[in-house]
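Undergrad: In the working numbering, the protein residues as written are 19 to 616. Virtual Cβ for every residue (Gly too), placed ideally from N, Cα, C.
Here it is, written out as structure tokens:
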């Protein structure tokens, strides 16, 4: 237990005059920790109850049910002091919606911890990091009292336990900040931390804006998918019916289903009767099976999966206040630095599905979809310095067609779709550490044929092979890898006598190859988000970032300025790419439309 932190002294501010009196304390401090207490996680439906502020000298708990926060708005929005928060996105959103305050100059202890422990741990709650850095065991039961609809806090009557809890959570952030900052410096993570802290406000604004969905169009598309699924189901049942010992007919003369297509046991039995012995009915197993039933069953499951994942469940997430979807973007959702997305997960929506066209612009606005062209392959060209890769991008050739031409020793104009697909699968697969067995399944060849293709590929692109081999070994030797933006991913190395030592080392090598590629792509996209956001703000444009999927950025802009905004977005995305890619050109494809284009 760290002395003095379990009982923090603070001043309880219950009048606007008191707030005016303490403003100089805040203005003159280099750092101010910020925390809020509300009664709901949704900023649009929450009531702001308390605002806690702490400087190294003094702590304050402000009763937001009685006090106008106007006097400290300039301080909270200014570049100085540095504002220290845990999960800053939440407090940013709550203050923005409920009080019109836009926090400036953010340091997020949760994000910092994620960077410090990336690849080793995901324990980033305040409870965990308070114990790690301060030896302090926090109780979080009091937090729940703020959301209790019967609690007097909602009427501005706070208990001593609630005030003490609120004051302590804010004050300890200052102590955690000092210790984390030392770690960030030691691990050379200051630059990537600065980037991530700038991204916080961009993500908060992106979530607050949200996306508009055409509900009727969505439901129509679901119905179309259901009809296609049912049609395939009938086709399968028709094929399987001769295998059944008898046929059941209902009161109306309709033949009932012979096999439950969602039952693995019944499906295995059906395959057995067809003379096909399968260990299971997983997707990977069915993909390897060349029986027509396996192919059509995969198609059935594809429709079933989409209907289940994107049916009414997405529509239930529409906010009753705004009428829009407000997903939760996790800016460090993956150890590579990539975003993840929840409630709902927009990243899961297939680019080639009809669902995308259901995401529409508001009346009088347009959606602008901007996508980096083959950015991960360009990063591979940059880090490997492979002359063929670099030349392809410098002359704006289609890399997959060129690769197929080189591998199969045929002229570019003779490359067919199948050969291009095989080349594309290898190009992308290598960045995920894919071996011959995995590649064979994807492109429908034997493992030996896949191995031969890889051999030819590596003879063609020797620099790519050399870089992949070196970075894989480096990940094991050093216990970490870095992206071009300085992001670090560490690995827990297994003991040499571990029963699965070689398998675990192989996994580290695969992740070691993938992280610098995918992580650099994440770095570039995040710089782009910051640049675009700052440019919109600087020009006071009626344009907003609304979501991002990997290397794709979607914005909404007023119709009459949409083309101008599209040019700005393209320029800022190229600027972000050129920060990290010095040898390989950056290309961005931009579309202006009434809906979210592929």
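Please give me, in chain order, every unbroken run of the alpha helix (DSSP H) with length at least 4 that falls completely inside the segment 444-520.
TA: The qualifying runs are 454-461, 465-478, 480-496.
Undergrad: My assumption, with CB atoms under 8 Å, is that residue 327 sits in contact with residue 366. Please give the rounded CB distance.
TA: Indeed they touch by this definition, with Cβ atoms about 6 Å apart.
Undergrad: Using the C-alpha atoms, what's the distance from residue 242 back to residue 265?
TA: Low confidence applies to residue 265: its pLDDT is 43, below 50, so where it sits in the model is not reliable enough to give any reading.
Undergrad: Can you tell me which of 378, 202, 305 puts its alpha carbon nearest to the alpha carbon of residue 577?
TA: Residue 378 is the option with its Cα nearest to residue 577.
Undergrad: Thinking C-alpha only, which one of 66, 300, 391, 227 is nearest residue 340?
TA: Among 66, 300, 391, 227, the Cα nearest to that of residue 340 is on 227.
Undergrad: Rounded to whole angstroms, how far is the Cβ of residue 380 from the Cβ of residue 253, which I believe are closer than 8 Å?
TA: Wrong, their Cβ atoms sit about 42 Å apart, outside the cutoff.
Undergrad: Could you check how far apart the C-beta atoms of residue 314 and residue 244 are, in whole angstroms? I think they sit under 8 Å.
TA: With 8 Å as the limit, residue 314 and residue 244 do not qualify as a contact, their Cβ atoms being about 17 Å apart.
Undergrad: Suppose only complete runs of 4+ residues qualify. What are the alpha helix (DSSP H) ranges in the segment 519-563, listed by chain order?
TA: For the segment 519-563, whole alpha helix (DSSP H) runs of length 4 or above, ordered along the chain, are 519-557.
Undergrad: Would you tell me roughly how many angstroms separate the C-alpha atoms of residue 551 and residue 508, rounded to the nearest one?
TA: One C-alpha to the other measures close to 31 Å.
Undergrad: Grab me the residues of residue 34's own chain with a C-beta within less than 7 Å of its C-beta, minus the 5 sequence neighbours each way, in chain order.
TA: If we look at residue 34 and ignore the five residues flanking it on each side, its Cβ neighbours are 85, 86, 89.
Undergrad: Beta-carbon within less than 8 Å of residue 177's beta-carbon, same chain only, minus the 5 sequence neighbours each way: which residues are those?
TA: The residues are 163, 170, 171.
Undergrad: So does the segment 493-500 actually touch the segment 522-530, counting three or more Cβ pairs closer than 8 Å?
TA: Counting Cβ pairs under 8 Å, three or more are found: they touch.
Undergrad: Shortest alpha-carbon distance to residue 79 belongs to which of 185, 544, 323, 447?
TA: The shortest C-alpha separation from residue 79 is found at 185.
Undergrad: Rounded to whole angstroms, how far is the Cβ of residue 346 from the Cβ of residue 137, which I believe are closer than 8 Å?
TA: In fact, because the Cβ distance is near 23 Å, the residues do not count as touching under 8 Å.
Undergrad: Taking the alpha-carbon positions, what's the residue 518 to residue 48 distance?
TA: Roughly 50 Å separates the two Cα atoms.
Undergrad: In this structure, how does DSSP classify residue 438 when only helix, strand and coil are distinguished?
TA: Of the three classes helix, strand and coil, the one that applies to residue 438 here is helix, per DSSP.
Undergrad: Rounded to whole angstroms, how far is the Cβ of residue 231 from the Cβ of residue 336, which I believe are closer than 8 Å?
TA: Residue 231 to residue 336, Cβ: 7 Å. Contact.
Undergrad: Determine the burial state of residue 261: buried for a count of at least 16 other Cβ atoms within 10 Å of its Cβ, exposed for fewer.
TA: Exposed, since its Cβ has fewer than 16 Cβ neighbours within 10 Å.
Undergrad: Counting pairs of Cβ atoms below 8 Å between the segment 565-574 and the segment 539-551, do you hit three or more?
TA: As far as the Cβ criterion goes, the segment 565-574 touches the segment 539-551, which means the pair count is three or higher.
Undergrad: When DSSP labels each residue in this structure, what does residue 43 get in the three-state scheme?
TA: If DSSP states are grouped into helix, strand and coil, residue 43 belongs with the helices.
Undergrad: Where do the ends of the alpha helix (DSSP H) carrying residue 364 lie?
TA: Neither: residue 364 is in no alpha helix (DSSP H) and is coded neither H nor E.
Undergrad: Quick one: residues in its chain with C-beta nearer than 6 Å to the C-beta of residue 93, no 5 flanking neighbours on either side, listed in chain order?
TA: If we look at residue 93 and ignore the five residues flanking it on each side, its Cβ neighbours are 44, 45.
Undergrad: How far does the alpha helix (DSSP H) with residue 201 in it reach, from first residue to last?
TA: Per DSSP, residue 201 belongs to the alpha helix (DSSP H) from 178-204.
Undergrad: Are the CB atoms of residue 466 and residue 616 nearer to each other than 9 Å?
TA: No, Cβ-Cβ distance for residue 466 and residue 616 is not below 9 Å.
Undergrad: Please confirm if the segment 281-292 is in contact with the segment 305-320, defined as three or more CB-CB distances below 8 Å between the two stretches.
TA: Yes: the two stretches touch, three or more of their Cβ pairs being nearer than 8 Å.
Undergrad: Taking only the alpha-carbon atoms, compute the straight-line gap between residue 601 and residue 614 and give it to the nearest angstrom.
TA: Distance between the alpha carbons of residue 601 and residue 614: 32 Å.
Undergrad: Ends of the alpha helix (DSSP H) at residue 383?
TA: Residue 383 -> not in any alpha helix (DSSP H); beta strand (DSSP E) instead, spanning 383-390.
Undergrad: Count the other C-beta atoms from every protein chain shown that fall within 10 angstroms of the C-beta of residue 295, then say buried if there are 16 or more, exposed otherwise.
TA: Per the 10 Å Cβ criterion, exposed.
Undergrad: Pull up the DSSP beta-bridge partners for residue 71, would you.
TA: The partner list for residue 71 (beta bridge, DSSP) reads 52, 78.
Undergrad: Are three or more beta carbon pairs between the segment 602-609 and the segment 551-563 nearer than 8 Å?
TA: Judged by Cβ distances under 8 Å, the segment 602-609 makes no contact with the segment 551-563, as fewer than three pairs qualify.
Undergrad: How would you write the range of the beta strand (DSSP E) that residue 102 sits in, first residue to last?
TA: Its beta strand (DSSP E) spans residues 100-103.
Undergrad: Among 565, 234, 104, 120, which residue has its Cα nearest to the Cα of residue 142?
TA: The shortest Cα separation from residue 142 among 565, 234, 104, 120 belongs to 104.
Undergrad: Cutting at 7 Å between CB atoms, please list the residues of its own chain near residue 382, excluding the five before and the five after it.
TA: 576, 577.
Undergrad: Can you tell me the Cα-Cα spacing of residue 30 and residue 55, whole angstroms?
TA: Cα to Cα, residue 30 sits roughly 14 Å from residue 55.
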